[in-house]
């Protein structure tokens with residue numbers, strides 16, 4: 003067809019003053035009230051129009067249509083068999099406009115009777131023009147009336163450009179200048195090959211209650227008012243049509259709630275937000291808003307973290323959570339007993355949480371036999387019990403490996419000691435797959451095979467591994483990264499000019515999105531290997547990431563006991579809290595220290611200080627890093643006590659960092 | 076659609092402040108403001124801004140000019156400019172954020188709001204009231220109640236609470 007033909011057609015039709023009668027079913031419905039099948043009524047069908055409208059467009063709602071019929075309704079592919087009432091009440095007639103989308107100026111090619119009546123323009127007066135004339139108060143005007151909201155116009159333009167639906171309200175004018183509110187919906191119509199050939203506009207006109215004489219030029223959105231006003235559909239003063247916005251304006255700061263709350267308050271820490279709530283009533287009201295509080299947490303802790311928290315906890319009150327995670331006032335130990343069994347029994351396995359499920363892989367069985375089975379414990383179940391996961395294939399059995407969780411329900415295994423020596427392979431498992439299967443990831447040149455190394459996950463999908471012990475018994479001090487988001491993940495060593503002394507059994511904790519805290523372990527010290535109590539940190543976002551030692555003192559508060567730093571240890575538990583602080587406890591500790599004493603560190607402080615945390619409730623006798631999992635960001639689950647040689651995996655000790663929102667307000 | 080000038084000359088706009096002073100600016104730079112962009116698309120070249128006074132408009136034009144020249148190489152330069160830009164009094168910042176909000180210059184709104192947030196951080200309630208000139212409109216009972224609720228946030232000059240004190 004082409005534009006030229008269209009132009010010719012239009013010329014002709016305009017000259018002839020042709021009118022098009024609607025043959026749409028929906029009009030029939032409006033008039034008759036009932037949907038009549040296959041009754042398209044009689045009217046003048048302009049053959050010329052039919053031709054250039056295009057091929058039959060099979061739209062879903064067309065099922066009542068007889069596709070052989072060449073009515074205009076068919077060709078445009080408008081859902082004619084569907085009552086207009088799906089977005090407007092059936093009893094109110096809708097005005098319809100169809101424009102030719104192949105012409106850059108989107109000229110009107112069809113208007114219905116309701117349009118003519120509502121606007122006062124006859125079809126022959128408007129065919130061939132872009133429908134923006136409705137925004138002019140006078141038929142002779144060159145541009146739209148200043149009261150017409152330019153933002154809405156801009157939005158319409160954007161939707162048309164992007165080929166998406168538009169729905170909104172706009173100020174329009176009848177031919178005689180009477181202002182109207184046009185509740186407008188625009189939708190693109192596609193031809194078979196997907197090109198947008200037409201735009202259909204459905205309008206509901208109603209009287210606009212505005213005084214055209216009180217307007218200043220150009221029109222703007224009110225941002226400051228001396229007192230609070232509630233805006234419903236209209237802003238009477240400016241004539242702007244706001245979409246159901248309840249905007250209270252803070253007379254004090256003269257900034258709207260939007261700017262205040264969303265843009266300024268949300269950039270503060272949870273503590274600052276709580277504190278600023280004491281300033282005045284208005285601000286207190288703003289800070290109470292759950293959405294604002296959520297944004298505050300999100301900005302402070304990162305969207306990944308808040309995503310986990312939201313998903314895990316039912317009925318989360320962000321304000322309360324932020325407070326509890328800051329003050330740790332609700333922290334306590336709880337004991338859980340679960341059913342099922344992990345059999346054959348084993349030690350030196352690795353466990354990790356994927357969502358609310360704990361996963362355990364491998365371990366060292368009787369006779370030092372490396373195990374290769376996978377178990378899962380679903381804490382969401384009414385009666386959680388250990389179950390073996392039946393997988394098509396397993397990685398080779400091993401112990402002293404690491405199991406880490408990736409985004410959502412994925413788990414990754416690396417290294418460890420297998421049947422024939424140390425390993426450096428990588429396997430991943432999707433717990434949510436219909437048939438969970440361990441899949442090997444080749445990864446290019448892997449790090450040296452090792453056991454008792456440490457790993458952590460960065461940004462949900464990057465596995466970081468460091469240290470450990472080789473076949474020859476040599477301790478390592480390297481750092482490797484494997485980005486599992488890539489199609490072909492490749493191991494990459496992180497070269498640093500200096501690395502912490504080589505070690506095994508240390509912990510790696512990710513914090514602040516791209517940083518890692520390394521703590522403790524059995525480290526090389528001259529000819530010896532000694533338990534370490536040192537902290538090191540690295541920021542992987544730096545151009546050239548470097549490990550550096552973190553000099554941490556001990557907090558000396560009023561009335562506290564002697565300032566203490568955590569005694570050196572290995573195989574301990576290190577947990578990163580949502581707010582970025584790190585909790586350390588457990589492990590194999592030099593001397594007679596209790597493994598259940600908790601220590602807290604904020605590595606992002608300028609001069610980080612260790613704080614001790616006394617937690618009510620019964621703590622476990624022992625706690626090991628490899629058998630401790632963090633669930634939902636606020637629950638730390640230590641698997642099993644350890645009496646003699648046996649691991650009691652049916653007894654779990656839970657360190658609750660925050661109260662469970664669904665049970666306590 | 077806006078009729079864009081097809082000549083080699085850069086299209087200029089005139090921005091008029093609330094005090095009727097006019098400033099010429101390149102269209103390509105001025106459209107960093109969403110509000111101005113909308114008006115340009117409707118063929119306006121003289122843009123009255125009744126919400127923005129001259130002093131503020133001058134600062135905003137300065138900002139837009141600097142950010143209009145953004146390339147990959149001068150990122151640091153622009154960062155420095157931004158840092159200096161927010162070193163203003165609260166009153167000035169407030170005027171700027173109102174204007175930026177009206178003009179819909181997202182990057183400037185963010186910059187100014189961050190500056191506000193940075194100034195509020197770690198300040199005591201009293202200090203914030205003084206800075207913003209906000210009167211305390213709580214009754215004594217209300218104030219006590221609110222303080223209790225937010226006690227955890229106020230204590231120890233914003234230091235962490237050491238539970239070993241328990």
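Residue numbers (the working numbering), protein chains in the order written: chain A, 3 to 667; chain B, 76 to 241.
Ideal Cβ positions, reconstructed from N, Cα and C, are used throughout, including at glycine.
Inset, instruction - Please compile the residues from chain A whose C-beta is within a distance smaller than 7 Å of the C-beta of residue 106 (chain B). - result: Here the premise fails: no neighbours, minimum Cβ distance about 12 Å.
Legend entry - Among A:118, A:453, A:639, the one whose alpha carbon lies nearest that of residue 418 (chain A): Ranking the options by Cα distance to residue 418 (chain A), first place goes to A:453.
Inset, instruction - Could you tell me if residue 517 (chain A) is buried or exposed, where buried requires 16 or more neighbouring beta carbons within 10 angstroms of its beta carbon? - result: With 16 or more other CB atoms across the displayed protein chains lying within 10 angstroms of its CB, residue 517 (chain A) is buried.
Legend entry - Extent of the continuous beta strand (DSSP E) to which residue 480 (chain A) belongs: Boundaries of the beta strand (DSSP E) around residue 480 (chain A): 477-485.
Legend entry - Chain-ordered neighbours of residue 196 (chain B) on chain A, where CB pairs are closer than 8 Å: Under the 8 Å cutoff, chain A gives 270, 271, 274.
Legend entry - Through-space distance from residue 291 (chain A) to residue 692 (chain A), alpha-carbon basis: No information on residue 692 (chain A) is available, as it lies outside the stretch 3 to 667 that chain A covers here.
Inset, instruction - Mind listing the chain A neighbours of residue 200 (chain B)? Cutoff is C-beta to C-beta under 8 Å, in chain order. - result: Simply 277, 278, 280, 281.
Inset, instruction - Give a yes or no on whether the minimum CB-CB distance between residue 156 (chain A) and chain B is below 8 Å. - result: For residue 156 (chain A), the nearest beta carbon of chain B is closer than 8 Å to its own beta carbon.
Inset, instruction - With a threshold of 16 other CB atoms inside 10 Å of the CB of residue 201 (chain B), please say whether the residue is buried or exposed. - result: By the beta-carbon neighbour count (other beta carbons within 10 angstroms, threshold 16), residue 201 (chain B) is exposed.
Inset, instruction - Return the residue from the list A:487, A:319, A:662, A:641 that minimises the CA-CA distance to residue 293 (chain A). - result: Proximity to residue 293 (chain A) across A:487, A:319, A:662, A:641 peaks at A:319, based on C-alpha coordinates.
Inset, instruction - Give me the Cα-Cα distance between residue 177 (chain A) and residue 138 (chain A), rounded to the nearest whole angstrom. - result: Across the structure, residue 177 (chain A) and residue 138 (chain A) are spaced so that their CA atoms are roughly 9 Å apart.
Inset, instruction - Taking residue 142 (chain B) as part of the alpha helix (DSSP H), name the residues at either end of that continuous run. - result: Note, residue 142 (chain B): alpha helix (DSSP H), 129-143.
Legend entry - DSSP bridge partner residues for residue 457 (chain A) (one or two, in chain order): Note: residue 457 (chain A) sits in a beta bridge opposite A:467.
Inset, instruction - May I have the straight-line CA-CA distance separating residue 327 (chain A) from residue 228 (chain B), to the nearest angstrom? - result: One C-alpha to the other measures close to 12 Å.
Inset, instruction - In the DSSP assignment, find the alpha helix (DSSP H) that holds residue 321 (chain A) and state where it starts and stops. - result: Taken as a continuous stretch (DSSP letters only), the alpha helix (DSSP H) holding residue 321 (chain A) covers 320-329.
Inset, instruction - Thinking residue 333 (chain A) and residue 615 (chain A) are a contact (beta carbons under 8 Å), I'd like their distance in whole angstroms, please. - result: Rounded, the Cβ-Cβ distance is 7 Å, consistent with contact.
Inset, instruction - Indicate whether at least one CB of chain A lies closer than 8 Å to the CB of residue 161 (chain B). - result: In terms of beta-carbon proximity, residue 161 (chain B) stays away from the interface with chain A, with every pair separated by 8 Å or more.
Inset, instruction - May I ask you to report which of helix, strand or coil DSSP gives residue 287 (chain A)? - result: Looking at residue 287 (chain A) - three-state DSSP - the assignment turns out to be helix.
Legend entry - Euclidean distance between Cα positions of residue 92 (chain B) and residue 135 (chain B): Residue 92 (chain B) and residue 135 (chain B): Cα-Cα distance of roughly 11 Å.
Legend entry - Rounded distance between the beta-carbons of residue 133 (chain B) and residue 90 (chain B), thought under 8 Å: About 10 Å separates the two Cβ atoms, so there is no contact after all.
Inset, instruction - Verify whether the separation of the beta carbon atoms of residue 468 (chain A) and residue 486 (chain A) is less than 8 Å. - result: No, the pair does not count as a contact, with Cβ atoms beyond the cut-off.
Inset, instruction - Output the boundary residues of the beta strand (DSSP E) element that contains residue 205 (chain A). - result: Its beta strand (DSSP E) spans residues 198-209.
Inset, instruction - Output the distance between the C-alpha atoms of residue 568 (chain A) and residue 535 (chain A), rounded to the nearest integer angstrom. - result: Their Cα atoms are separated by approximately 7 Å.
Inset, instruction - Give the straight-line distance between the Cα atoms of residue 305 (chain A) and residue 580 (chain A), rounded to the nearest whole angstrom. - result: About 10 Å.
Legend entry - Closest by C-alpha distance to residue 566 (chain A), when choosing among A:340, A:542, A:611, A:472: Answer by Cα proximity: A:611.
Inset, instruction - Look up residue 175 (chain A) in the DSSP assignment and say whether it is helix, strand or coil. - result: DSSP places residue 175 (chain A) within a strand segment (E or B) once states are collapsed to three.
Legend entry - chain A residues whose Cβ lies nearer than 8 Å to that of residue 157 (chain B): Those do not exist, as residue 157 (chain B) stays about 15 Å from chain A at its closest Cβ, beyond 8 Å.
Legend entry - Inter-residue spacing [alpha-carbon to alpha-carbon] between residue 422 (chain A) and residue 153 (chain B): The C-alpha of residue 153 (chain B) is placed about 58 Å away from the C-alpha of residue 422 (chain A).
Legend entry - Distance between beta carbons of residue 583 (chain A) and residue 552 (chain A), contact taken as under 8 Å: So it is not a contact: roughly 13 Å between Cβ atoms.
Legend entry - residue 619 (chain A) - DSSP class collapsed to helix/strand/coil: DSSP places residue 619 (chain A) in coil when its eight states are reduced to three.
Legend entry - residue 328 (chain A) at chain B interface by Cβ criterion, 8 Å: By this cut-off, residue 328 (chain A) is an interface position.
Legend entry - alpha helix (DSSP H) segment containing residue 293 (chain A), residue limits: Counting along the chain, the alpha helix (DSSP H) containing residue 293 (chain A) begins and ends at 292-303.
Legend entry - Beta bridge counterpart(s) of residue 336 (chain A) as assigned by DSSP: Residue 336 (chain A) pairs with A:656.
Legend entry - Inter-stretch contact at 8 Å, needing at least 3 Cβ pairs: the stretch 147-164 of chain A / the stretch 114-122 of chain A: Taking one beta carbon from each stretch, the stretch 147-164 of chain A and the stretch 114-122 of chain A have fewer than 3 pairs nearer than 8 Å; the two do not touch.
Inset, instruction - Would you mind giving the Cβ-Cβ distance between residue 510 (chain A) and residue 537 (chain A), rounded to the nearest angstrom? I have them listed as a contact below 8 Å. - result: The C-beta separation of residue 510 (chain A) from residue 537 (chain A) comes to about 11 Å, leaving the pair out of contact by the 8 Å criterion.
Inset, instruction - Whole angstroms is fine: what's the gap from residue 299 (chain A)'s alpha carbon to residue 621 (chain A)'s? - result: Rounded to the nearest angstrom, the two C-alpha atoms are 29 Å apart.
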